[in-house]
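Visitor: Attaching a single structure in structure tokens format; questions to follow.
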Amino acid sequence: MTRRPGLAERFFPDPPANLADVEDQAFLGSWNPGFDVSPAVTPTEVAKAIGGSSPWKAPGEDLLPMGLLKACGTPLAEVLAVLATRCLDLGWFPNRFKRAKTVVLPKPGKAPPVYQTPGGYRPIALLPTLGKVVESVVARKVTQAAEVNGLLPDEQTGNRAHNSTELAVRLVVAQVQEAWRQKAAASLLQLEISGAFDTVNHTRLLATLREMGYPRWLILWKKDWLTGREATLLLDSKTAVPTAIRAGVPQGSPLSPVLFILYISSLYKQLQDEHPHLAITWFADDTNLLVFGRNPEANVRQLEAAGRHQPRQTEGVYQVPVEKKLRTQSYALSRLTASTWGLGPAKAREVYTKCIRSALAYGASSFHIPTDVGGEPVKKGITKALGKAQNKSLRIVAGAFKSTPIRNLETETWVPPLDLYLNKRLADFENRLQQPDLDDGQGGKTAGSVVLTACRMIQQRLSSRRGNRQPTANLGTSRAYGGGESCGHGHALDGGNR
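Counted from 1, the sequence shown has number 361 at position 361 by full-length UniProt numbering; the numbering is strictly sequential.
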């Protein structure tokens, strides 16, 4: 395969790095950590790591499915807890667990010429299952310490408890709505780090963790975890020779996401220090830069100060992909429910409710306006379009004529009207906003408070620019079902102030 060498160079790079600001490599010998993290691993931690993983996800070279470990129950958890504790005490991660089978999958929806280049493929590392259990335990310890000690920016919503891409969208939408309420213009610049996980410099990562205050045992274990890794590419059922990994963190490891967001947290601080006028929202390596001003032209000048970019048309970026997805999903459902050999109504309903409806409802927290109980259904907007898509799907599920009343279809298929389902999704999202970001549920900030604080900062910034030194208005709570000036839900604010 002529593509394999190019893929190996793309997926396992060794990029040059300027480490002039990193201390001498002998720094591991002496420093005082800023906080303590216990290396002791309990059977409960192991059970959580096993229970939180997909039972039949593809394993690594050990061929052990996670479902088998789940079936072994408490006796295995007790043994693994002892072994994991000793690994952390010794600063050691077995070499057997460092070998990854990297399956190369084509990225969907690309043009044919793209598949002749490495950029048309995505590497997925299949790691040994027992090693992933240890990594999951360490990831939980690292994340808990980061949340307790405030090591992550509040606006980083990736790979954190009770956070999601929906929260990132809510945070952006809420700030834009607040700017409109203040009669200001908002401009958004979106960035993505190319090859993010693959280009993490190991030396800088260890130095970053040390500077953050993580204890010595954890840094030593991480150093061994990063050292001596190798991966074997699998493409078109053919296997390449193992490749040594000199940079990056493995995609597929439970530990990689939290290490990456800690690694780039200094970038957030630098952006904020150099460009305090920016409102930044992160989801892992996806970055949203928001600026607010009198008009779009003034905003562009601010964005140019942060970095040159080429403007492009972005209107309708949500609606066009959604419409295409709706057509594709209805076609797929039709092919699964052929009259002579297809799925029966019960299975077809399951396909719709578990696959299609969940995709339709994604992001409802940012576009759906809650309807009153017993009130009129939504008659315009995205919710109306999605409702039509559900109606079409229900006719396919039930095998009904186009003239069949939709209320009859909803009754026969036991599927509620889409606006009611979206109401529930929105209410569930609002409840998650009120959950503390710490695993014990007893401390930390809530996502709702982060959204509200961001909106207040926008309000204060715009008020100060106008010379308005009066106290800012009360923005209410972050509950969507709260007051009309709630910053937590984009539709609670008056978008007409644009």
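A virtual CB, placed ideally from N, CA and C, is assigned to each residue, including glycine.
Could you check what DSSP says for D14 in three-state terms: helix, strand or coil?
Guide: Three-state result, D14: coil.
Visitor: For a test of your reading of the model: does the CB of L234 fall under 7 Å from any non-hydrogen atom of the ligand FMN? Yes or no.
Guide: This structure lacks the ligand FMN, and indeed carries no ligand of any kind.
Visitor: Taking the continuous alpha helix (DSSP H) assigned at T413, which residues delimit it?
Guide: Where T413 is concerned, the enclosing alpha helix (DSSP H) stretches over I406 to T413.
Visitor: Would you call the segment 60 to 69 and the segment 31 to 43 touching, i.e. three or more CB-CB distances under 8 Å?
Guide: Output reads no: the segment 31 to 43 does not touch the segment 60 to 69.
Visitor: Among the residues of its own chain, which have a CB less than 7 Å from the CB of L126, if the five just before and after it don't count?
Guide: The residues are A58, P59, G60, A100, K101, V103 and G252.
Visitor: Going by beta carbon distance, what residues of the same chain come within less than 8 Å of S256, once the five residues before and after it are set aside?
Guide: So the list reads F197, V249 and P250, once near-sequence residues are dropped.
Visitor: Rounded to the nearest angstrom, what separates G228 and L218 at their Cα positions?
Guide: For G228 and L218, the distance between alpha carbons rounds to 18 Å.
Visitor: Pop quiz: T12 and A231 are said to be a contact at Cβ under 8 Å. What is the actual Cβ separation, rounded to whole angstroms?
Guide: Residue identity check: residue 12 is Phe in the sequence provided, not Thr. The pair is a contact, with the Cβ atoms about 6 Å apart (cut-off 8 Å).
Visitor: Does the count of Cβ pairs from the segment 456 to 463 and the segment 175 to 190 closer than 8 Å reach three?
Guide: Yes, since at least three Cβ pairs between the segment 456 to 463 and the segment 175 to 190 fall closer than 8 Å, the two stretches touch.
Visitor: DSSP three-state call for T157: helix, strand or coil?
Guide: In the structure shown, T157 sits in coil (DSSP, three-state: anything other than H, G, I, E or B).
Visitor: Just reading off the beta strand (DSSP E) that D285 is part of, what are its end residues?
Guide: Looking at the DSSP string, D285 is not in any beta strand (DSSP E), and its letter there is neither H nor E.
Visitor: Using only alpha-carbon positions, find the residue among F367, D285, V291 and L259 that is nearest to R425.
Guide: R425 has its Cα closest to that of F367, out of F367, D285, V291 and L259.
Visitor: With R122 as the anchor, note down where its beta strand (DSSP E) starts and where it stops.
Guide: Segment Y121 to L126, the beta strand (DSSP E) holding R122.
Visitor: Hey, is the segment 122 to 141 in contact with the segment 82 to 89, meaning 3+ C-beta pairs nearer than 8 Å?
Guide: Counting Cβ pairs under 8 Å, three or more are found: they touch.
Visitor: If we count Cβ pairs, one from each stretch, closer than 8 Å, do we get three or more for the segment 382 to 389 versus the segment 192 to 211?
Guide: Too few Cβ pairs lie closer than 8 Å, so no.
Visitor: Return the Cβ separation of N149 and I261 in integer angstroms, given the expectation that the two are a contact with Cβ distance under 8 Å.
Guide: Going by Cβ atoms, the distance from N149 to I261 rounds to 14 Å, so no, they are not a contact pair.
Visitor: With a CB to CB cut of under 7 Å and the five nearest residues on each side skipped, what residues in its chain are close to T353?
Guide: Hits under 7 Å: V415.
Visitor: Whole angstroms are fine: how far does the CA of A298 sit from the CA of S54?
Guide: In a straight line, the C-alpha of S54 is about 49 Å away from that of A298.
Visitor: I'd like to confirm the pairing. Which residues does DSSP put opposite R99 in its beta bridges?
Guide: The partner list for R99 (beta bridge, DSSP) reads E230.
Visitor: State the start and end residues of the unbroken beta strand (DSSP E) segment that holds Q190.
Guide: Q190 -> beta strand (DSSP E) spans A185 to E192.
Visitor: Look up T243 in the DSSP assignment and give the residues it is bridged to.
Guide: Answer by DSSP bridge pairing, in chain order: A231.
Visitor: Could you say which of E412, L267, T383 and T371 lies nearest to Q156 if we only look at CA atoms?
Guide: Considering only alpha carbons, the answer is L267.
Visitor: In whole angstroms, what is the alpha-carbon distance linking A47 and L80?
Guide: Cα-Cα distance, rounded: 10 Å.
Visitor: Is it right to say R395 is buried, meaning 16 or more other beta carbons lie within 10 angstroms of its own, or is it exposed?
Guide: Under this definition R395 is a buried residue.
Visitor: Helix, strand or coil for P276? Go by DSSP, reduced to three states.
Guide: If DSSP states are grouped into helix, strand and coil, P276 belongs with coil.
Visitor: So, for L234: in the same chain, excluding its five sequence neighbours on each side, which residues have a beta-carbon less than 7 Å away from its beta-carbon?
Guide: Excluding sequence neighbours, L234 sits near K101, T102, V103 and V104.
Visitor: Reducing DSSP to helix, strand and coil, say where V104 ends up.
Guide: Reduced to three states, the DSSP call for V104 is strand.
Visitor: The alpha helix (DSSP H) spanning E45 covers which residue range?
Guide: Per DSSP, E45 belongs to the alpha helix (DSSP H) from P43 to G51.
Visitor: Closest to A77 by CA distance: which of N95, V200, A49 and W282 is it?
Guide: When only C-alpha atoms are compared, the closest one is A49.
Visitor: For T199, I'd like the list of residues in its chain whose CB is within less than 7 Å of its CB, leaving aside the five on either flank, ordered along the chain.
Guide: Excluding sequence neighbours, T199 sits near P13, P15, A247 and G248.
Visitor: Whose C-beta lies closer than 8 Å to the C-beta of P345 among residues of the same chain, with five residues either side of it excluded?
Guide: The answer, listed in chain order, is V397, A398, G399 and T413.
Visitor: Express the C-alpha separation of D273 and V37 in angstroms, rounding to a whole number.
Guide: Roughly 30 Å between the two C-alpha positions.
Visitor: Suppose contacts are defined by Cβ-Cβ distances below 8 Å. Is H162 in contact with A359 by that definition?
Guide: Not in contact: H162 and A359 (Cβ atoms no closer than 8 Å).
Visitor: Hey, would you say D62 sits closer than 8 Å to L130, going by beta carbons?
Guide: Yes.
Visitor: Spatial neighbours of R204 within its chain, please: C-beta separation below 8 Å, excluding the five flanking residues on both sides.
Guide: If we look at R204 and ignore the five residues flanking it on each side, its Cβ neighbours are A17, L19, V22 and Y263.
Visitor: Are the Cβ atoms of L151 and M212 separated by less than 8 Å?
Guide: In contact: L151 and M212 (Cβ atoms closer than 8 Å).
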